[in-house]
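Visitor: Starting off with a structure, shown below.
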Amino acid sequence: YALEISGDSMDPVFRDGDVVVVSPAAPIRRGDRVVVRTTGGEVMAKQLTRRSARRVELKSLNPSHPDYGFDLSEVAWIHRIVWASQ
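With positions in the sequence shown counted from 1, the corresponding number in the working numbering is that position plus 17.
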């Protein structure tokens with residue numbers, strides 16, 4: 018499926034208005050750019066820095082935005098970004 022990027026947390030890689038194609042079936046590895054949906058309904062595009070049995074750590078590519086860490090119980094899903102229009 019495709020999503021439109023909103024905001025600047027992934028500048029300069031993904032800019033506001035870019036369209037990304039996301040694959041729920043693609044395997045996810047450290048360093049991949051991903052879309053994450055929390056159980057609270059927040060959706061974000063970030064870079065996966067670490068995934069353990071209990072936690073996931075996400076990085077904003079724009080240094081002016083914070084990095085995030087969630088317990089896996091707080092994550093509804095993580096899907097890999099496989100393509101972006103730029």
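Even glycine gets a Cβ: it sits at the ideal position worked out from N, Cα and C.
Bear in mind the structure is a predicted one, so any value in this text is a computation, not a measurement.
(1) Please confirm if the stretch 66 to 83 is in contact with the stretch 34 to 42, defined as three or more CB-CB distances below 8 Å between the two stretches.
(2) Glutamate 21 bridges to which residues according to DSSP?
(3) Within the same chain, show all residues whose beta-carbon is closer than 8 Å to that of valine 56, passing over the 5 residues directly before and after it, in chain order.
(4) Within 10 angstroms of the Cβ of alanine 62, are there 16 or more other Cβ atoms? Answer buried if so, exposed if not.
(5) Rounded to whole angstroms, what's the CA-CA distance from glutamate 59 to glutamine 103? Just pull it up for me.
Guide: On the basis of the supplied data:
(1) no
(2) Val36
(3) Note that residue 56 corresponds to threonine in the displayed sequence, not to valine. Same-chain partners within the cutoff: Ser90, Glu91, Val92, Ala93.
(4) buried
(5) 24 Å
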